[in-house]
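Structure record follows, encoded as structure tokens.
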Amino acid sequence: MKVNRKDVIIGCMGVLLLSSVSAGLYVHHVDDERISELEAQLDVLHEQEKQSVVDRRVSKQMEEIAFGQQTLSEERSREAIRQSEIAQEMTLRSETERKRAIEAQGIAEDAAQEAMTAYQMAEHQRVEADNQRRQAEHSKLVTDTLNYISLGRTLGSQSYAIYQSGDKELGNMLAYASYLYTSDYNGDLFYPSVFQAFTQSAGGRRTWNIHTGSISRIDLLPTDGSMLTVSTYGELFAHRMQGSQMQTSRLINDKSYCFRDMFAAPNGKVYVVSHTGHLVVVNGNQTHVIYLENIARPFSLQNMDNGRQLLIIGENSVALLDTATDKIIGTRRLAFRVTNTGRRDYKPLLFDNRGYMHLVNSLDDITNEKVPVSGQVTSFASSKNEHLTAYGMADGTIWMIDGKKKTHKLVGHLSQITKMKFNGKRLYSSSYDGKLLFWMTSDTQIKPITLFQSVSWLNDFTFNKNKDYIWTGEHNGTVTEYLVAMPKIAERLRQNVKRNFTTEEWNYYVGKGIPYRKIKE
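Note that numbering that gives the first Met the number 0 has the sequence shown beginning at 0, numbered continuously upward.
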């Protein structure tokens, strides 16, 4: 086959043309894509440009804000510096003012110290002046007190004498005035001239002649408070007060006995011992006698075992009685002679003729110790609460030993001490010299105070239940009741005053320089 060259050329040209067209189309397509890509990039660029513009604006604003903040910060910094400068200036001023204040404070403190010193000096002078004033007032008060106490004693002496002369009304007035001045100024109401006037005007002493023989013992019956007395003539009497009258019952009246002591037991029985060697037992209306064998010259009865037993004491022997059966349950011969008895620590205490004392714990247990004072002991008393012990002697001396073992010599009696008894811090004593004394044991100087002076020997005494009265048994058979409670004495004095002093009486007996006072309400 013959190929047409022309056709071939035309065909080649067609192919080329087609290829060109295809290439052109491809190129065009590629250009379109490129254009699209460029357009897209252009859009991105536009967006970026827009964003860049925004960013520049934001940046600009930020710069402006930053600039503003920087400006503000600079202004604040300048303000802070200015404030710091002001603060420093104020600090300097404050420091200056503080220094000035310190200086002023120092000046003020110096002034205050000077003022305090001046005040203290003034106060010291005031205190000294006040002390001097008080001392002057105290001295005046002491002087006035002593003067008024002395006046009380003078009025007491006048009262006693005027009352004895028969003018009882004026005597009572002076006695009560003596009481007022003595008590108001804390004087001694038991001073002899004062107390004697009190008791005389108050009617504080009453006497009954009861016994034929010498009263050897006086005591109270614990069951009803009746007073019992025994005498050396074999008399045992019971007494009860009916108003101002004494009612006496004669329980025993037998001169064959010589009664020396008695004991009123809690069970109502009364035991009386006779120097003849007999023990008489009174139980209500019944009386029986116990003969005391082997007990020579019995003279004392002492309580044992809270009244369930009774120690009967003779000169050379002792016996123990059962108070329930009234039987002797034991006896003991002593190696010494008993001269006197007492009680210590609620037990019987025996004194002998050799200067020893013996505490009876039981018949089988009797101690032996030396009496701490010299001489013959005729009376003994002790107070466990006050830690006091007293020994009354045959020569009238009383030796008292206190809780510190210090011995005091009490001088006031002239004859043998017959009885002593403690009542709190007071010691009461009686003697054959007829005096009933009491002693304030707490005083620095213990001096006797005379309650009364009897014309007969005082053998024994006791208090009533309330301790308002002292009852004494005397050698001549007399019983005396003596009022010792000061409140009752004062009340009786007040009741016995019927009127006040006239001006003339006051000036004469009390004194013109003493302010007038009413003694009758």
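We put the beta carbon where it would ideally sit given N, CA and C, even for glycine.
#### Entry: Within 8 Å, strictly: CB atoms of leucine 358 and glycine 329
Residue 358 sits at position 359 when you count from the first residue of the sequence shown. Residue 329 sits at position 330 when you count from the first residue of the sequence shown. Cβ atoms of leucine 358 and glycine 329: not closer than 8 Å.
### Query
Just the Cα atoms here: how many angstroms apart are glutamate 113 and alanine 103?
Stepping through the sequence shown from its first residue, residue 113 is reached at position 114. Stepping through the sequence shown from its first residue, residue 103 is reached at position 104. Taking the CA atoms as reference points, glutamate 113 sits about 15 Å from alanine 103.
### Task
Report buried or exposed for glycine 433, applying the criterion of at least 16 other Cβ atoms within 10 angstroms of its Cβ.
Here residue 433 refers to the residue found at position 434 when the sequence shown is read from its first residue. It counts as buried.
### Query
Helix, strand or coil for aspartate 321 per DSSP?
Translated into positions along the sequence shown, residue 321 becomes position 322. In the structure shown, aspartate 321 adopts extended strand secondary structure according to DSSP, grouped into three states.
### Query
Among residues of its own chain, excluding the 5 on either side of asparagine 352, which ones have a beta-carbon nearer than 6 Å to its beta-carbon?
As a working mapping, residue 352 is identified with position 353 in the sequence shown. Taken in chain order, the residues that qualify are Arg336 and Thr338.
### Query
Which full runs of the beta strand (DSSP E) of 3+ residues lie inside the region 338-375, going along the chain?
Taking 3 residues as the minimum length, the beta strand (DSSP E) runs contained wholly in the region 338-375 are 346-351 and 355-361, in order along the chain.
### Task
Figure out for me which residue from Leu482, Ser430 and Thr198 has the closest Cα to the Cα of glutamate 473.
Along the sequence shown, read from residue 1 onward, the residue named residue 473 stands at position 474. The shortest Cα separation from glutamate 473 among Leu482, Ser430 and Thr198 belongs to Ser430.
### Message
Starting from leucine 291, trace the beta strand (DSSP E) in both directions and tell me its first and last residue.
### Response
In the sequence shown, residue 291 corresponds to position 292, counting from 1. DSSP places leucine 291 outside any beta strand (DSSP E), giving it a letter other than H or E.
### Message
On a Cα-Cα basis, can you pick out the residue from Tyr508, Gly512, Ser378 and Leu250 that is closest to methionine 172?
### Response
Taking the sequence shown and counting its residues from 1, one reaches residue 172 at position 173. Taking methionine 172 as reference, the option from Tyr508, Gly512, Ser378 and Leu250 with the minimal CA-CA separation is Tyr508.
### Cβ neighbour criterion (16 or more within 10 Å) applied to histidine 412
Indexing the sequence shown from 1 puts residue 412 at position 413. Flag for histidine 412 reads buried.
### Message
Restricting to runs no shorter than 3 residues, where is the beta strand (DSSP E) found entirely within the region 438-497?
### Response
Runs found: 447-452, 457-462, 468-473 and 477-482.
#### Entry: Selection from Arg216, Ala393, Lys424 and Val376 that minimises the alpha carbon distance to histidine 383
Position 384 of the sequence shown, counted from the first residue, corresponds to residue 383. Inspection of the sequence shows that residue 383 is occupied by lysine rather than by histidine. Comparing Cα positions, the closest option is Lys424.
### Task
Assuming glutamine 308 contacts aspartate 321 (C-beta within less than 8 Å), just tell me the rounded distance between them.
By one-based count along the sequence shown, residue 308 stands at place 309. By one-based count along the sequence shown, residue 321 stands at place 322. The C-beta distance from glutamine 308 to aspartate 321 rounds to 6 Å, short enough to meet the 8 Å contact threshold.
### Query
Between which two residues does the beta strand (DSSP E) containing glycine 170 stretch?
Working through the sequence shown from its first residue, we reach residue 170 at position 171. No beta strand (DSSP E) contains glycine 170, which is instead part of the alpha helix (DSSP H) from 167-183.
### Message
Rounded to the nearest angstrom, what separates arginine 259 and serine 230 at their Cα positions?
### Response
Within the sequence shown, numbered from 1, the residue matching residue 259 stands at position 260. Within the sequence shown, numbered from 1, the residue matching residue 230 stands at position 231. When rounded, the distance between both Cα atoms is 7 Å.
### Task
Would you kindly check if the distance between the Cβ of threonine 377 and the Cβ of isoleucine 217 is under 8 Å?
Start at 1 with the first residue of the sequence shown, and residue 217 comes out as number 218. Start at 1 with the first residue of the sequence shown, and residue 377 comes out as number 378. No; because the gap between Cβ atoms is not below 8 Å, this pair is not in contact.
### Query
Measuring CA to CA, which of Gly203, Met303 and Asn282 is closest to glutamate 480?
Along the sequence shown, one-based indexing puts residue 480 at 481. When Gly203, Met303 and Asn282 are compared, the shortest CA-CA separation from glutamate 480 is found for Gly203.
### Task
State the Cα-Cα distance for the pair asparagine 533 and alanine 160, rounded to the nearest angstrom.
Lying outside 0 to 520, the shown extent of the chain, residue 533 is not represented and no answer is given.
### Contacts around lysine 517, its chain only, beta-carbon distance under 6 Å, and the 5 residues preceding and following it disregarded
For the purposes of this step, residue 517 is taken as residue 518 along the sequence shown, with counting starting at 1. Correct list, in chain order: Asn499.
### Message
Taking 8 Å as the cut-off, does the region 167-182 touch the region 118-137 (at least 3 CB pairs, one atom from each stretch)?
### Response
Between the region 118-137 and the region 167-182, the count of C-beta pairs closer than 8 Å stays below three; the two stretches do not touch.
### Task
Would you mind sorting glutamine 444 into buried or exposed? The rule is 16 or more other CB atoms within 10 Å of its CB.
Along the sequence shown, one-based indexing puts residue 444 at 445. Classification of glutamine 444: exposed, given that the 10 Å Cβ count is below 16.
### Task
Give the DSSP-derived three-state secondary structure of glycine 224 in the structure shown.
Position 225 of the sequence shown, counting from 1, holds the residue named residue 224. Under the three-state reduction of DSSP, glycine 224 is assigned to coil, being neither helix nor strand.
### Query
Is the beta carbon of alanine 174 less than 8 Å from the beta carbon of serine 200?
The residue you call residue 174 lines up with position 175 of the sequence shown. The residue you call residue 200 lines up with position 201 of the sequence shown. The Cβ atoms of alanine 174 and serine 200 lie closer than 8 Å to each other.
### Query
Just how far apart, CA to CA, sit leucine 426 and aspartate 442?
Within the sequence shown, residue 426 is the residue found at index 427, counting from 1. Within the sequence shown, residue 442 is the residue found at index 443, counting from 1. Computed Cα separation, rounded: 12 Å.
### Task
Could you pull out every residue in the same chain whose Cβ sits closer than 7 Å to the Cβ of proline 265, ignoring the five residues on either side in sequence?
Working through the sequence shown from its first residue, we reach residue 265 at position 266. For proline 265, same chain residues with a beta-carbon under 7 Å away, outside a window of 5 residues either side, are Pro221 and Gly306 in chain order.
### Message
Looking only at its chain, what residues have a beta carbon closer than 8 Å to the beta carbon of serine 215, apart from the 5 residues adjacent to it on each side?
### Response
Counting from 1 along the sequence shown, the entry for residue 215 is found at position 216. Within the same chain, serine 215 has close Cβ partners Val229, Ser230, Thr231, Phe258, Arg259, Asp260, Asn458, Asp459 and Gly472.
### Task
Specify the secondary structure class of histidine 277 as computed by DSSP and reduced to three states.
The residue you call residue 277 lines up with position 278 of the sequence shown. Of the three classes helix, strand and coil, the one that applies to histidine 277 here is strand, per DSSP.
### C-beta contact flag for glycine 233 and asparagine 252 at 8 Å
By one-based count along the sequence shown, residue 233 stands at place 234. By one-based count along the sequence shown, residue 252 stands at place 253. Cβ atoms of glycine 233 and asparagine 252: closer than 8 Å.
### Message
Can you tell me where the alpha helix (DSSP H) holding threonine 198 begins and where it ends?
### Response
What you label residue 198 is simply residue 199 of the sequence shown in a count that begins at 1. Run containing threonine 198: 191-201, per the alpha helix (DSSP H) assignment.
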